[in-house]
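Numbering that gives the first Met the number 0 puts the first residue of the sequence shown at 0, with every later residue one more than the last.
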Amino acid sequence: MKFSFWFSGVLLLGLTTVVAAESSAPTHLPNLFPFPNATGMLKTFNATGKLDLTGPFFQSLGTNGRSCASCHQPGDAWSVSAEHVAERFERSHGLDPIFRNNDGSNCDHSINTSTVEGRREAYSLLRTRGLFRVALAVPTDAEFNVVSVTNPYGCTETSTLSMYRRPLPSTNLRFLSTVMWDGRESSPQTGTQSITFATNPTDLLADLAHQSVDATLGHAQASTPPTAEQQKKIVDFEMSLTTAQAIDFRAGALDSHGASGGPLPLTSQPFYIGINDPLGLNPFNTPFTPVVFTLFTDRWAHNSGREHEREHGDRRASILRGQTLFNSRTINITEVGGLNDATSTPLIKGTCGTCHDTFNVGNHSIVAPLNIGIADVSNPLGTDYLPVIKLRNKATGAEVTTTDPGRAMITGKWADIGKFKGPILRGLEARAPYFHNGSAATLKEAVEFYNIRFSMGLTHQEITDLAAFLSAL
Ligand code: HEC
Ligand code: HEC
């Protein structure tokens, strides 16, 4: 009783502050301010103290009223949840700056944004899935031609492709081995740098500065780039942030009972490019271990047995079982572009950590674009809300259909079609839906994808446990 009363007080405080942040604009938030979501609360630790909401990250630096924070919200793990985007649409009748037709609408032409109903339709992918239109020119030296684009929203051009993607979190950035889903802000092809063990973090900082320029000119439609000082302030700000789920409503504080969840332990998590890589790319040749997450310990398996503790204990045990499944459940990995073909191993007996190998973070610790089938038209979660793009190999004449060529739009390589990075797996609960195209509405659906795609044979309980674990990250 006491706990839930205290809790709803914080919930209200959280909501009013978020609302206030958009209208009368407070200038700061306390460090570790708790933002509620469906299963608990998310917190961000800012290395420089209280969270300053007045710097260039929060300023409109372009012409359409948007700031970085329009699409990278502190309470949504510095991404945006589709649920909160939908609320912003209703509150503002679709006039909030996130709703701009350069990349917020399904297409940028042949739309009517003069009425609320017109806007509701024009921004349907953003409202329902939190997707932005990423338009990229087909590389001139690409190994493929675009045969056709079928797009329910228009935007069927074949020289510039429209792809629909989720904002990645602008937090926990020191763990990045590649910037953007397709790595385009960390690739020589775009004048940015690959992130390597030898050059990190100088490479990352330069890439993030470059990204802040592209975001300001693109998303915010600025006519001039941010100044060097603004770029530095944006990058310093982003790099000072560490974000994680901190409290689970049923399990309690995620750093209690000997656990090390929440943002504070994450600030001291050791990392270097290549750490725990399974394919021999660890610069120290340390052997790979599938035990990637060690946040929850055996003490979480035990229930005190006291009535009022039992529900908390059940939830803790479920989260711990999920962690164990992540670290140990065998996955027969087949036909993953960038993995099975790259190693000439048709069947890899792996785990979740084969691809999500960074300790207690879960992205790939070294650049490794992979095609697990999320962009395939046959994705079992369904992709009928996305365009279908048909590509033909210039040399062999082979044809493929995809909803998003991914990395291939940067490198031009046939082999890179459908490849994306494995993102950081912290702060997940606050930023549904999942995968680059938002095809998994919930964490359970994300787990279901793997269950079907790799015939894992997970039970309902195992799916629940894995989803509980992911929600506690
Ligand atoms: C209109 C929405 C929008 C705005 C405004 C915006 N972003 Fe983003 N951001 C996105 C999307 C969408 C992606 C992922 C796109 C992709 O990978 O193709 C992204 C990706 C990123 C990433 C990459 C993270 C990673 O894991 O690779 C960073 C960093 C970032 N944004 C920072 C910023 C900064 C800084 C600004 C302001 C200068 C900004 N963004 C403005 C939508 C936005
Ligand atoms: C073969 C490599 C591979 C394996 C094995 C793998 N993943 Fe992934 N994971 C990826 C890639 C690549 C992505 C990004 C895919 C995309 O969006 O196109 C991803 C994305 C995710 C996401 C979405 C994150 C976000 O920000 O949207 C979750 C959640 C996830 N994986 C959980 C898991 C779990 C749980 C397991 C084990 C059951 C697992 N993964 C096994 C490669 C893998």
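Idealized CB from N, CA, C, for every residue including glycine.
Note that the coordinates shown come from a computational prediction; the quantities given were computed from them, not determined experimentally.
Handout entry: Limits of the unbroken alpha helix (DSSP H) element including D464
Key = Start at 1 with the first residue of the sequence shown, and residue 464 comes out as number 465. Residues 459 to 470.
Exercise for the section: Could you name the residues that DSSP lists as bridge partners for E561? Expected result: Given a span of 0 to 472 for the chain in the structure shown, any question on residue 561 remains unanswerable.
Practice task
Answer yes or no: the CB of H355 versus the heavy atoms of ligand 2, is any distance below 8 angstroms?
Solution key: Counting from one through the sequence shown, the residue named residue 355 turns up at place 356. Yes - ligand 2 has a heavy atom lying nearer than 8 angstroms to the Cβ of H355.
Practice task
Confirm, please, whether the CB-CB distance from T170 to E82 is below 9 angstroms.
Solution key: For this step, residue 82 is matched to residue 83 along the sequence shown. For this step, residue 170 is matched to residue 171 along the sequence shown. No, these two residues do not count as a Cβ contact at 9 angstroms.
Exercise for the section: Return yes when the C-beta of L181 is under 8 angstroms from any heavy atom of ligand 1, and no when it is not. Expected result: The residue given as residue 181 occupies position 182 in the sequence shown. Before going further, note that residue 181 is Asp rather than Leu in the sequence given. Correct: D181 has its Cβ closer than 8 angstroms to ligand 1.
Handout entry: D206 versus P35 - alpha carbon distance
Key = In the sequence shown, residue 206 corresponds to position 207, counting from 1. In the sequence shown, residue 35 corresponds to position 36, counting from 1. Straight-line Cα distance between these residues: approximately 32 angstroms.
Problem - Per-residue burial, F419 [other beta carbons within 10 Å of its own, 16 or more giving buried] - result: Residue 419 sits at position 420 when you count from the first residue of the sequence shown. Buried, by the Cβ-count rule.
Exercise for the section: List the endpoints of the continuous beta strand (DSSP E) containing K42. Expected result: As a working mapping, residue 42 is identified with position 43 in the sequence shown. Its beta strand (DSSP E) spans residues 39 to 45.
Handout entry: Start-end ranges of the alpha helix (DSSP H) lying completely within the region 185 to 250, minimum 4 residues
Key = Here the runs fully enclosed are 201 to 216, 227 to 238.
Practice task
Could you pull out every residue in the same chain whose Cβ sits closer than 7 angstroms to the Cβ of T177, ignoring the five residues on either side in sequence?
Solution key: Counting from one through the sequence shown, the residue named residue 177 turns up at place 178. S185, I194, V366, K420, listed in sequence order.
Practice task
With DSSP collapsed to three states, give me the class of G48.
Solution key: Here residue 48 is taken as the residue at index 49 of the sequence shown, counted from 1. Judged by DSSP in its simplified three-state form, G48 adopts coil rather than helix or strand.
Exercise for the section: Measure the CB-CB distance between W77 and P187 and report whether it falls below 9 angstroms. Expected result: Here residue 77 is taken as the residue at index 78 of the sequence shown, counted from 1. Here residue 187 is taken as the residue at index 188 of the sequence shown, counted from 1. Going by C-beta atoms, W77 is not nearer than 9 angstroms to P187.
Handout entry: Closest residue to L106 among R118, E86, T201, H256 (Cα-Cα distance)
Key = As a first step, residue 106 is located in the sequence shown; it is residue number 107 there, counting from the start. At residue 106 the sequence reads Cys, which differs from the Leu that was named. Considering only alpha carbons, the answer is R118.
Problem - Nearest residue (CA-CA) to I423, options R406, V146, T395, S364 - result: Numbered from its first residue, the sequence shown carries residue 423 at position 424. Taking only the C-alpha atoms, the option nearest I423 is S364.
Problem - Cutoff 7 angstroms; reference D75; Cβ partners in own chain excluding five residues on either side - result: On the sequence shown, position 76 is the one that residue 75 refers to. Cβ neighbours of D75 beyond the five flanking positions: H83, A429, R430.
Exercise for the section: Please report how far the alpha carbon of I347 lies from the alpha carbon of P379, in whole angstroms. Expected result: Translated into the one-based positions of the sequence shown, residue 347 becomes position 348. Translated into the one-based positions of the sequence shown, residue 379 becomes position 380. Whole-angstrom Cα-Cα distance: 22 angstroms.
Handout entry: Residues of its chain near L60, where Cβ-Cβ distance is below 6 angstroms and the 5 sequence neighbours each way are ignored
Key = Within the sequence shown, numbered from 1, the residue matching residue 60 stands at position 61. The answer, listed in chain order, is T215, A219, A221, P225.
Practice task
Hey, could you find the ends of the beta strand (DSSP E) L160 is sitting in?
Solution key: Numbered from its first residue, the sequence shown carries residue 160 at position 161. L160 -> beta strand (DSSP E) spans 159 to 164.
Practice task
Kindly identify the DSSP beta-bridge partner or partners of Q72.
Solution key: Residue numbering aside, residue 72 sits at position 73 when the sequence shown is read from its first letter. S78, per the DSSP bridge assignment.
Exercise for the section: Pick helix, strand or coil for K443, following the three-state DSSP scheme. Expected result: Here the question's residue 443 lines up with position 444 in the sequence shown. DSSP places K443 in helix when its eight states are reduced to three.
Handout entry: Burial state of L457, where buried means 16 or more other Cβ atoms lie within 10 Å
Key = Walking along the sequence shown from the start, residue 457 turns up at place 458. When all chains shown are included, L457 counts as buried.
Exercise for the section: Mark H311 as exposed unless 16 or more other C-beta atoms lie within 10 angstroms of its C-beta, in which case mark it buried. Expected result: Walking along the sequence shown from the start, residue 311 turns up at place 312. H311 should be labelled buried.
Exercise for the section: Pair every Cβ in the region 459 to 471 with every Cβ in the region 390 to 398, then say whether three or more of these pairs are closer than 8 angstroms. Expected result: no
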